[in-house]
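Enquirer: Residue numbers 759 to 965, in the numbering used here, belong to the letters of the sequence shown in order. Note that CB positions come from ideal geometry on N, CA and C, so glycine has one too. The model shown is predicted, which means the values in this text are computed figures rather than measured ones. First, the structure itself, so that you have it in front of you.
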Amino acid sequence: LNQEAVLIIVSLGLIIPLAAGVFDLSIGAVISLSSMLVSWMIINAEMNIIVSCIITIIVGSIIGVINAFLIIKIKIDSFITTLGMSSVLFALATAISNGRMIFGFDKTFKSIARYNFYGIEATIFYALIFGMLLLWFLESTPGGRYLFATGGNRESARLAGVSTNFYITFSLILSSTIASIGGILITSKISSGSPTVGGPYLLPAFA
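Encoded structure:
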């Protein structure tokens, strides 16, 4: 569980766009970019840890907005859009430190993911809390039902009065935001920022 907690969080975030009927293949690249961005700000720019994490999460949200714009307004298929975005983000992650890893975090940042309670790391509790919130949202709220309606038949849902564009946008923003949080957590866990750390998460998350 300690090893797979970040994957659980990213996988749960991926459920949201899949429920809305769109793919988000950029989550692995978002993790890598977030890892490098938060590392660069904390180590190279010597910024405050909380501020660095907040900026990283905001960048993740902006990526979701761009994905949604390309899919809804430009009408590019979500598979193609997010695959292309993935290439761009991996390039940015590599450019931040010229492909090198970033080290040198203090105990405060490491404790975000490594805080230990009787052998159970903090990331497991984050995954459990998020999983419970997601279950409640998808199964017990009108928003969850509208999300599934959008994914089931977008045109029928739109004709029934569901704001399908809103729910697709919402799902992509949330997916990227959660992936960016995953990038912060895995960076804290392994105590280094890496431009390639996110790649191995993509296919297991979909699986």
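(1) Note down the Cα distance separating Leu992 from Pro900, rounded to an integer number of angstroms.
(2) Return helix, strand or coil for Gly951, following the three-state DSSP convention.
(3) So, helix, strand or coil for Glu762, using DSSP?
(4) So for Glu879, helix, strand or coil by DSSP?
(5) Look up Asn923 in the DSSP assignment and say whether it is helix, strand or coil.
(6) Roughly how many whole angstroms lie between the Cα atoms of Thr908 and Ser934?
(7) Any chance the stretch 848–865 sits against the stretch 945–953, with 3 or more Cβ pairs inside 8 angstroms?
(8) Less than 8 angstroms between the beta carbons of Ile800 and Phe888, yes or no?
(9) Measuring alpha carbon to alpha carbon, tell me which residue in Tyr876, Ser929, Leu943 is nearest Ser869.
(10) If I'm right that Val920 touches Ser790 with Cβ under 8 angstroms, what's the distance once you round it to whole angstroms?
(11) Return the bridge partner residues of Asn874 from the DSSP annotation.
(12) At a cut of 8 angstroms, does the stretch 770–789 reach the stretch 816–825 through at least three beta carbon pairs?
(13) Do Asn760 and Glu913 come within 8 angstroms of each other at the CB atom, strictly closer than that value?
(14) Is the beta carbon of Gly779 sitting closer than 8 angstroms to the one on Ala937?
(15) For Ala763, which residues from the same chain have a beta carbon less than 6 angstroms from its beta carbon, with the 5 sequence-adjacent residues on both sides left out?
(16) Just curious, the alpha helix (DSSP H) that Asn856 is in, first and last residue?
(17) First and last residue of the alpha helix (DSSP H) that includes Tyr959?
(18) Assuming Phe848 and Phe781 make a contact with CB atoms under 8 angstroms, what is their CB distance in whole Å?
(19) Taking C-alpha atoms, which residue in Gly902, Ile821, Ile939 lies nearest to Ser810?
(20) When we look at the beta-carbon of Ala871 and count the other beta-carbons within 10 Å, is it buried (16 or more) or exposed?
(21) Rounded to a whole number of angstroms, what is the C-alpha to C-alpha distance between Gly818 and Asn923?
Expert: According to the structure shown:
(1) This structure does not reach residue 992, given that the chain is present from 759 up to 965, and the question cannot be answered.
(2) Position 193 of the sequence shown, counting from 1, holds the residue named residue 951. Three-state result, Gly951: strand.
(3) Translated into positions along the sequence shown, residue 762 becomes position 4. Glu762 falls in the coil class under three-state DSSP.
(4) Translated into the one-based positions of the sequence shown, residue 879 becomes position 121. Strand, per DSSP.
(5) Looking up residue 923 in the sequence shown gives position 165. Note: Asn923 maps to helix in three-state DSSP.
(6) Mapped onto the sequence shown, residue 908 falls at position 150. Mapped onto the sequence shown, residue 934 falls at position 176. Near 19 angstroms, if we compare the C-alpha coordinates of Ser934 and Thr908.
(7) yes
(8) Mapped onto the sequence shown, residue 800 falls at position 42. Mapped onto the sequence shown, residue 888 falls at position 130. It is not a contact, given that the beta carbons lie outside the stated cut-off.
(9) In the sequence shown, counting from the first residue as 1, residue 869 sits at position 111. Among Tyr876, Ser929, Leu943, the Cα nearest to that of Ser869 is on Leu943.
(10) Within the sequence shown, numbered from 1, the residue matching residue 920 stands at position 162. Within the sequence shown, numbered from 1, the residue matching residue 790 stands at position 32. Not a contact, Cβ separation roughly 34 angstroms.
(11) Translated into the one-based positions of the sequence shown, residue 874 becomes position 116. Glu879.
(12) yes
(13) By one-based count along the sequence shown, residue 913 stands at place 155. By one-based count along the sequence shown, residue 760 stands at place 2. Not closer than 8 angstroms, so no.
(14) Walking along the sequence shown from the start, residue 779 turns up at place 21. Walking along the sequence shown from the start, residue 937 turns up at place 179. No, Cβ-Cβ distance for Gly779 and Ala937 is not below 8 angstroms.
(15) In the sequence shown, counting from the first residue as 1, residue 763 sits at position 5. Contacts found: Thr881, Ile882, Ala885.
(16) If you number the sequence shown from 1, residue 856 lands on position 98. Element bounds for Asn856: n/a, residue is neither H nor E.
(17) Position 201 of the sequence shown, counted from the first residue, corresponds to residue 959. Where Tyr959 is concerned, there is no enclosing alpha helix (DSSP H), given that its DSSP letter is neither H nor E.
(18) Against the sequence shown, residue 848 aligns to sequence position 90. Against the sequence shown, residue 781 aligns to sequence position 23. Phe848 to Phe781, Cβ: 17 angstroms. No contact.
(19) For the purposes of this step, residue 810 is taken as the residue at position 52 of the sequence shown. It is Ile939.
(20) Locating residue 871 in the sequence shown gives position 113, where the first residue counts as 1. Buried, by the Cβ-count rule.
(21) The residue you call residue 818 lines up with position 60 of the sequence shown. The residue you call residue 923 lines up with position 165 of the sequence shown. Rounded to whole angstroms, Gly818 to Asn923 spans 19 angstroms at the Cα level.
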